[in-house]
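Here's the structure we're looking at; comments come further down.
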Amino acid sequence: MSTPALEVKTLRPSLPFRPHCGSRHVTRAASRRAGAGAYAERVTSLPPFASDNYAGTHPEVLAAVAAANDGFAVAYGDDPWTARLDARVAEVFGPGALAYPLINGTGANVVSLMALSERWGGVVTSDVAHVNTDENGAPERVGGLKMLPCPSADGRIEPFHVERWAGQRHDVHRAHPGVLSLTQSTELGTVYPVEALRALVDTAHGLGMAVHVDGSRLANAAAALGCSLRALTTDLGVDVVSLGAAKIGGMIGEAVVVLAPQDAPVVPGSGYDGGALRERAAAAVPFLRKSTMQLASKTRFVSAQLLALLGEPGAPVGGGAAAAPVTPGAAGAGAGPAAAGSGAGPAGAGSGARAGAGPAGAGPAGAGPAGAIARAAAEPLWWRNAVHANAMAARLRAGLESSGVLAPAPAEGDAPRAGAAPEGGAAVGGVRITRPVEANAVFATLPRAAADRVREQARFYDWAPGETPDRVEVRWMCSWDTPAEAVDAFVAAVADALAR
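Numbers 956 to 1455, taken from the numbering used here, label the letters of the sequence shown in order.
So, in structure tokens, the structure goes:
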């Protein structure tokens, strides 16, 4: 007997932000009840724009895993692949940096924060940070760490937020703010400029706090800024990084990277001694990784993926050859790396990230700087994949603009947000970009009815209520494997849904 088709309904809880989680998990649970066949029938005509986690594993990563599956190797990380990963991480992040492969991003964040914190510690972070909203309380439940959220602008916080929490350092009745956790790129698709990161790190260290970077999409931020992974971490004084892999072409696994103790500053009078702090963290991570159930017995297969993405020892470390930097913060205008191109049409629409061909857009519409595509071939896979994902988000935004469906932009300094009243009757029926497009995500509001029609062709998540009850904010996410022609078709689907 055939399995009945699954009717997918999107929950619309009245939350201030992030209602997408409800619809995501209800959909998954419903598909299980209806059977696997029903979920297959729900597959849409276009690739999903829901999450970069929907993408498959890059062929080069699969090949690396297959190569590692040759005979026997010592378990729990005492294998040649993990040894080579240590050498490679020291090249990418600086001599003395240490990598600890583990299973997933939540685990990487929990282990990192526990390694940096006292038992009575608190973690200062953005109100929309993954550690605060999307880890089911794991840092608090597993790590025993109080989250100290700061109101953010487009996902980014500022030094004065850190200073505000620091005022309770000596109050025995309150959690001690011992760690600043920053997400780069942020959950809202924005990127901290290098100098903004430096100011935050310096402020935290001056207040005696350690600094953790949730680098689930660190590759996308580096590609957007045209810089290396080291330039966003070690060179700024960051102490520990949760290094993402799954979102940029990996299969399963991430890493905790403890940066070199000898590179850490000491801030007299603040209580921050970076070298001693990082040495303690490096000593703690192996035990925390095991006690939090993040130690994979066959670690070589996680290390092999990370090596495929970062490159083998001696290869270029990546960071700047294939894209020019963007200037984060331009309201609604951030287009990602220069390699993104501005054309929304089919010209140059190749989806070149697969098979290691470099960023998409070999034709005129998406070529970026002269010679960028040729130079990209020498870049590591993480860079190529991140440049492509960012380019597709920029292409999506540009396509919406060129198709004429974008609502008029608000006045300078009056960026639209969920719950804000739209300006002008004509804006109500169109798409309004709600966050700067700086990495691989596009956030926008549009009529709910139109969003539901588009969702018949491609999956994506509702994110927040829109400016009015009949509008909704959505997130459209691009990945290393998003084809340019699918972006163009998606733009056409949005335009068609709005025209009905």
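Quick reminder that beta carbons are idealized off the backbone N, C-alpha and C, glycines included.
Because the structure is a prediction, the values reported are computed rather than measured.
{"Item": "Pro1035, buried or exposed, once every other Cβ within 10 Å from all chains shown has been counted against 16", "Value": "exposed"}
{"Item": "Classification of Ile1328 by the beta-carbon crowding that lies within 10 angstroms, buried from 16 upward", "Value": "Note that Ile1328 has pLDDT 48, beneath the 50 cutoff, so the model's placement of it is unreliable and the number below is only indicative. Answer is buried; the Cβ neighbour count reaches 16."}
{"Item": "Continuous beta strand (DSSP E) assignments of at least 3 residues falling wholly in the stretch 1066-1110", "Value": "1076-1081 and 1101-1105"}
{"Item": "Delimiting residues of the beta strand (DSSP E) encompassing Ser1136", "Value": "His1131 to Thr1138"}
{"Item": "Minimum C-alpha distance to Phe1048 - residue among Ala1084, Ala1022, Ala1406 and Ala1210", "Value": "Ala1210"}
{"Item": "Close Cβ partners of Ala1219 (< 6 Å) along its chain, the five nearest in sequence each way excluded", "Value": "Gly1229, Gly1230 and Arg1233"}
{"Item": "Range covered by the alpha helix (DSSP H) that runs through Asp1451", "Value": "Ala1439 to Ala1454"}
{"Item": "For Asp1007, the nearest candidate out of Glu1422, Ala1394, Val1409 and Leu1453 (CA to CA)", "Value": "Ala1394"}
{"Item": "Cβ contact check for the stretch 1083-1100 and the stretch 1056-1070: 3 or more pairs under 8 Å", "Value": "yes"}
{"Item": "Alpha-carbon spacing of Pro1106 relative to Asp1025, whole angstroms", "Value": "50 Å"}
{"Item": "Reference Val1146, options Gly1170, Arg1119, Ala1021 and Ala1441, closest by Cα", "Value": "Gly1170"}
{"Item": "CA nearest to the CA of Arg1129, picked from Arg1074, Val1149 and Thr1141", "Value": "Arg1074"}
{"Item": "8 Å Cβ cutoff met for Gly1385 and Val1360", "Value": "yes"}
{"Item": "Cut-off 7 Å between Cβ atoms - residues of its own chain near Ala1019, not counting five sequence neighbours on either side", "Value": "Ala1259, Gln1260, Leu1262 and Ala1263"}
{"Item": "Endpoints, the beta strand (DSSP E) within which Pro913 is located", "Value": "As shown, the chain starts at 956 and ends at 1455. That puts residue 913 outside it, with no answer to give."}
{"Item": "Cβ separation of Ala1054 and Leu1068, assumed to be a contact under 8 Å, to the nearest whole Å", "Value": "No, Ala1054 and Leu1068 are not in contact; Cβ-Cβ is about 17 Å, not under 8 Å."}
{"Item": "Close beta carbons around Val1193, own chain, < 7 Å, minus the five adjacent residues each side", "Value": "Val1156, Val1166, Val1168 and Leu1214"}
{"Item": "Inter-stretch contact at 8 Å, needing at least 3 Cβ pairs: the stretch 1423-1438 / the stretch 1177-1193", "Value": "no"}
{"Item": "Segment limits, beta strand (DSSP E) that includes Glu1150", "Value": "Careful: Glu1150 lies outside any beta strand (DSSP E), inside the alpha helix (DSSP H) at Val1149 to Gly1161."}
{"Item": "Buried versus exposed call for His1085 [16 or more other C-beta atoms within 10 Å across all chains shown]", "Value": "buried"}
{"Item": "Heavy atom of the ligand PLP within 7 Å of Ala1042 beta-carbon", "Value": "Looking at this structure, you won't find the ligand PLP or any other ligand, since it has none at all."}
{"Item": "For Thr1400, the three-state DSSP class (helix, strand or coil)", "Value": "strand"}
{"Item": "Length of the line joining the Cα atoms of Arg1350 and Ile1058", "Value": "32 Å"}
{"Item": "Within 8 Å, strictly: CB atoms of Val1446 and Thr1247", "Value": "no"}
{"Item": "Cα-Cα separation, Thr1141 to Pro1014", "Value": "27 Å"}
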